[in-house]
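Number of protein chains: 4
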Amino acid sequence: MAIRIFITGGTFDKEYNELTGQLYFNDSHLPEMLDLGRNLVPVEVRTLMMVDSLEMTDDDRSLIAEHCRKSKEDKIIITHGTDTMSDTARLLAGGVTGKTIVLTGAMIPYKFGSSDGLFNLGSAMAFVQTLSHGVYVVMNGRCFNADNVRKNKETGVFEELEK
Amino acid sequence: MAIRIFITGGTFDKEYNELTGQLYFNDSHLPEMLDLGRNLVPVEVRTLMMVDSLEMTDDDRSLIAEHCRKSKEDKIIITHGTDTMSDTARLLAGGVTGKTIVLTGAMIPYKFGSSDGLFNLGSAMAFVQTLSHGVYVVMNGRCFNADNVRKNKETGVFEELEK
Amino acid sequence: MAIRIFITGGTFDKEYNELTGQLYFNDSHLPEMLDLGRNLVPVEVRTLMMVDSLEMTDDDRSLIAEHCRKSKEDKIIITHGTDTMSDTARLLAGGVTGKTIVLTGAMIPYKFGSSDGLFNLGSAMAFVQTLSHGVYVVMNGRCFNADNVRKNKETGVFEELEK
Amino acid sequence: MAIRIFITGGTFDKEYNELTGQLYFNDSHLPEMLDLGRNLVPVEVRTLMMVDSLEMTDDDRSLIAEHCRKSKEDKIIITHGTDTMSDTARLLAGGVTGKTIVLTGAMIPYKFGSSDGLFNLGSAMAFVQTLSHGVYVVMNGRCFNADNVRKNKETGVFEELEK
Chain A
0 MAIRIFITGG TFDKEYNELT GQLYFNDSHL PEMLDLGRNL VPVEVRTLMM VDSLEMTDDD
60 RSLIAEHCRK SKEDKIIITH GTDTMSDTAR LLAGGVTGKT IVLTGAMIPY KFGSSDGLFN
120 LGSAMAFVQT LSHGVYVVMN GRCFNADNVR KNKETGVFEE LEK
Chain B
0 MAIRIFITGG TFDKEYNELT GQLYFNDSHL PEMLDLGRNL VPVEVRTLMM VDSLEMTDDD
60 RSLIAEHCRK SKEDKIIITH GTDTMSDTAR LLAGGVTGKT IVLTGAMIPY KFGSSDGLFN
120 LGSAMAFVQT LSHGVYVVMN GRCFNADNVR KNKETGVFEE LEK
Chain C
0 MAIRIFITGG TFDKEYNELT GQLYFNDSHL PEMLDLGRNL VPVEVRTLMM VDSLEMTDDD
60 RSLIAEHCRK SKEDKIIITH GTDTMSDTAR LLAGGVTGKT IVLTGAMIPY KFGSSDGLFN
120 LGSAMAFVQT LSHGVYVVMN GRCFNADNVR KNKETGVFEE LEK
Chain D
0 MAIRIFITGG TFDKEYNELT GQLYFNDSHL PEMLDLGRNL VPVEVRTLMM VDSLEMTDDD
60 RSLIAEHCRK SKEDKIIITH GTDTMSDTAR LLAGGVTGKT IVLTGAMIPY KFGSSDGLFN
120 LGSAMAFVQT LSHGVYVVMN GRCFNADNVR KNKETGVFEE LEK
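Protein chains in written order, with numbering that gives the first Met the number 0: chain A, 0 to 162; chain B, 0 to 162; chain C, 0 to 162; chain D, 0 to 162.
Written out as structure tokens, the structure is:
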């Protein structure tokens, strides 16, 4: 069965608007990234929203959870902004069962050349295929359980709550 | 414990020699790629050779196996040319036990911008952390057992021997 | 004699701050770009400021003019944000004589992979070597006289005042 | 009037064949490069051949000269392999009059990320618009007369015959 990918925005997909000089969201680069990585694992991609995760609302998170529950695929990757990725992971851990859900993202926009997104996407594809049911955050080659992860605001790095 | 990475060359590390117009091997780009991917999993990297896998000899493969056997780390990634990756995987499967070994590579050189190498490296990092002992080939987001994989010479794609 | 290059900031040099998710200025990428372009024309590079050209003040422009006047090199390239590039060009045309001054910039940050900056820099290097004394704006492969150019705010493209 | 661009191949346009691991020519990247550079100077592009300049024959060079003579545009850019660029330039200088012809190329393939091609193309666009009739070689931000240039085989750099 295919792997389900839900797109929610985040740094992954930020682009540069040359008229305003601002970063913004247009279409997702995920299909392009999967092509670049020459991914051959069957995937079903759906964009749920395109937002900065700092602006993600409770309603947005409910929508994500609802889509995870209804997904007929039991392996799910969610691309997500890093700032509140841990929050969404915890909410999903409390509300979705019987599925392997991996949240991943990027510190640098994919279009910004030096993106960590392609590496993270490769990791997410592998972890979602091998981990047992549960909700996980995958960044920097590492995998965290949803109930034991936070983004360190000062270093920008994900870490366990207790070490 | 750290993940051991052995570098053997392959398309991953091919560069363009601007004086001769030929592709060649210089230093490995693996450390640069791990930085780009912002990998934070501890790794120990060692270059065993820098060869096109079509030119890899029996002695070369024995050397790789010997290093795998002696490695104190039980999680090992080997970057390898794709043409004979399956052969090396089978030899290692027959000669190394008690370790998780993942061979990976790239269809396009990393320096050629559109490389699949970063995606594969991300996948390899994840698979090597989660799979049980054994030898595996990781390409295109997929993971194959060493005894059931070949590179299709016409399509350039890895596939199971029997489907 | 070397070509003098003054750096003032602009889109050319914007980078992505991964902690804040904002664009910002750090060091200039100009030396890196000249290396990438394998430039062999002798240059003397000096950073005068690192600002978005919308925030450039009259004092900033006076400083640029002063440096142009004092420069012992008579061929000068100025990297500059596009929004007020025409304004600075006109001020320099009124205040500096006996020199060939070329202002150039980019619509997309250099670090954003798809930058037009390298192309513009190549054009600027060529125009500054061949044009007679005066002040020019170089963008999109085109060269405009300082007294007959504006940036069309809607299209983001430089054009003559009267056609 | 538009600038005429003739494509003849060279390092500019080399691509990586992932099945054979060899470099080869497919379609030219010139239109893509002009887009990337956001060129707005009208151009007419025609591919005359796609060859490594070491394999360019006398007939090939005659064909290029013939097209230059017949071109109704008097500003012509020729993309060309660097190894015999000086030879072709000299032949054109002896056989085409009343036109400004600029030959340019790259040391690194455009698709190899770190290409000098975009910088050279920007320079060529500028030089062809400003130089008087004659034949020129444009590389590294520099412009050489056809009768006083050679590629130094050891350094890979273009230089004057006599300094």
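Glycine included, each C-beta is placed from N, C-alpha and C at the ideal position.
Helix, strand or coil: how does DSSP classify C/Leu47 here?
-> The sequence position of residue 47 of chain C within the third sequence is 48, counting from 1. DSSP places C/Leu47 in strand when its eight states are reduced to three.
To the nearest angstrom, how far is it from the Cα of B/Asn38 to the Cα of A/Arg141?
-> Counting from 1 along the second sequence, the entry for residue 38 of chain B is found at position 39. Counting from 1 along the first sequence, the entry for residue 141 of chain A is found at position 142. Approximately 8 Å, taken between the alpha carbons.
Collapsed DSSP secondary structure at B/Glu17 in the structure displayed | By 1-based counting over the second sequence, the position of residue 17 of chain B is 18. It is coil, neither helix nor strand.
May I ask which residues mark the beginning and end of the beta strand (DSSP E) holding D/Met138?
-> The residue labelled residue 138 of chain D in the question sits at position 139 within the fourth sequence. First-last of the beta strand (DSSP E) with D/Met138: 133-138.
Do you know whose CA, among D/Ile75, D/Thr103, D/Asp115, D/Val137, lies nearest D/Val42's CA?
-> Counting from 1 along the fourth sequence, the entry for residue 42 of chain D is found at position 43. Ranking D/Ile75, D/Thr103, D/Asp115, D/Val137 by Cα distance to D/Val42 puts D/Ile75 first.
Determine, using beta-carbon pairs with one atom in the segment 149-160 of chain B and one in the segment 93-102 of chain B, whether at least three such pairs fall under 8 Å.
-> no
Alpha-carbon to alpha-carbon, A/Ser85 and A/Ser52 = Counted from its first residue, the first sequence places residue 52 of chain A at position 53. Counted from its first residue, the first sequence places residue 85 of chain A at position 86. Computed Cα separation, rounded: 11 Å.
Over what stretch of residues does the beta strand (DSSP E) that includes A/Asn144 continue unbroken?
-> As a position in the first sequence, residue 144 of chain A is number 145, starting the count at 1. From DSSP, the beta strand (DSSP E) with A/Asn144 extends over 141-144.
Which bits of chain B does A/Ser122 rub up against, with CB to CB less than 7 Å?
-> Counted from its first residue, the first sequence places residue 122 of chain A at position 123. Simply Gly121, Ser122, Met124, Ala125.
Between the beta-carbon of B/Gly9 and the beta-carbon of B/Ala88, is there less than 9 Å?
-> The residue given as residue 9 of chain B occupies position 10 in the second sequence. The residue given as residue 88 of chain B occupies position 89 in the second sequence. Contact flag unset, no.
Status (buried if at least 16 other CB within 10 Å, exposed otherwise) for C/Leu25 = For this step, residue 25 of chain C is matched to residue 26 along the third sequence. Looking at the sequence provided, one finds Asn at residue 25 of chain C rather than Leu. Classification of C/Asn25: exposed, given that the 10 Å Cβ count is below 16.
What residue does the alpha helix (DSSP H) around B/Ile63 start on, and which one ends it?
-> Residue 63 of chain B sits at position 64 when you count from the first residue of the second sequence. Looking at the DSSP string, the run of the alpha helix (DSSP H) that includes B/Ile63 is 57-69.
Which of the residues in the segment 26-49 of chain D, read from start to end, lie with their CB under 7 Å from any CB of chain C?
-> Leu35, Gly36, Arg37, Asn38, Leu39, Val40
Once you ignore the five residues that flank B/Ile107 on each side, which residues in its own chain have a CB closer than 8 Å to its CB?
-> Taking the first residue of the second sequence as position 1, residue 107 of chain B is located at position 108. The residues are Thr10, Ser113, Ser114, Asp115, Gly116.
In terms of alpha-carbon separation, which member of C/Thr129, C/Leu29, C/Gln21, C/Gly36 lies closest to C/Asp184?
-> Nothing about residue 184 of chain C can be read from this structure; chain C reaches only from 0 to 162.
Within the same chain, show all residues whose beta-carbon is closer than 7 Å to that of C/Cys67, passing over the 5 residues directly before and after it, in chain order.
-> As a working note, residue 67 of chain C is residue 68 in the third sequence. Only Ile75, Leu91, Val95, Lys98, Ile100 meet the Cβ criterion.
Cβ of C/Ser122 within 8 Å of any heavy atom in the ligand SAH?
-> No copy of the ligand SAH occurs in the structure displayed, which carries no ligand at all.
Kindly say whether C/Arg141, judged by its beta-carbon, lies nearer than 9 Å to any beta-carbon of chain D.
-> Residue 141 of chain C sits at position 142 when you count from the first residue of the third sequence. Answer yes: the Cβ-Cβ gap between C/Arg141 and chain D drops below 9 Å somewhere.
Alpha carbon to alpha carbon, what distance is there between B/Tyr109 and D/Ile77?
-> If you number the fourth sequence from 1, residue 77 of chain D lands on position 78. If you number the second sequence from 1, residue 109 of chain B lands on position 110. Taking the straight line joining both Cα atoms gives about 30 Å.
Just the Cα atoms here: how many angstroms apart are B/Tyr135 and B/Val50?
-> Numbered from 1 along the second sequence, position 136 holds the residue referred to as residue 135 of chain B. Numbered from 1 along the second sequence, position 51 holds the residue referred to as residue 50 of chain B. When rounded, the distance between both Cα atoms is 20 Å.
Give me the Cβ distance between A/Leu29 and A/Val44, rounded to the nearest whole Å; I'm assuming they're in contact under 8 Å.
-> For the purposes of this step, residue 29 of chain A is identified with residue 30 of the first sequence, where counting begins at 1. For the purposes of this step, residue 44 of chain A is identified with residue 45 of the first sequence, where counting begins at 1. Between A/Val44 and A/Leu29 the Cβ distance is about 6 Å, and since that is below 8 Å, they are a contact.
So is B/Leu130 in contact with chain A if we call contact Cβ pairs under 9 Å?
-> In the second sequence, counting from the first residue as 1, residue 130 of chain B sits at position 131. For B/Leu130, the answer is yes, since a Cβ of chain A falls inside 9 Å of its Cβ.
C/Arg37 by DSSP, collapsed to three states: which one?
-> Taking the third sequence and counting its residues from 1, one reaches residue 37 of chain C at position 38. It is coil, neither helix nor strand.
D/Val101, enclosing alpha helix (DSSP H) - first and last residue | Taking the first residue of the fourth sequence as 1, we reach residue 101 of chain D at position 102. Premise fails: D/Val101 lies in the beta strand (DSSP E), 99-103, not in any alpha helix (DSSP H).
Spatial neighbours of D/Val137 within its chain, please: CB distance less than 6 Å, with the 5 preceding and 5 following residues excluded, ordered by chain position.
-> Position 138 of the fourth sequence, counting from 1, holds the residue named residue 137 of chain D. Excluding residues within five positions, the ones whose Cβ falls inside 6 Å are Val101, Thr103, Ser122, Ala123, Phe126.
Rounded to whole angstroms, how far is the Cβ of D/Glu14 from the Cβ of D/Tyr23, which I believe are closer than 8 Å?
-> Translated into the one-based positions of the fourth sequence, residue 14 of chain D becomes position 15. Translated into the one-based positions of the fourth sequence, residue 23 of chain D becomes position 24. The Cβ separation is near 6 Å, so the contact holds.
Residues in its own chain within less than 7 Å of A/Leu47 by CB, not counting five upstream and five downstream?
-> Locating residue 47 of chain A in the first sequence gives position 48, counting from the first residue. Taken in chain order, the residues that qualify are Phe5, Ile6, Thr7, Leu62, Ile63, His66.
If you measure beta-carbon to beta-carbon, which residues of the segment 149-162 of chain D are closer than 9 Å to chain B?
-> Lys152, Glu153, Thr154, Gly155
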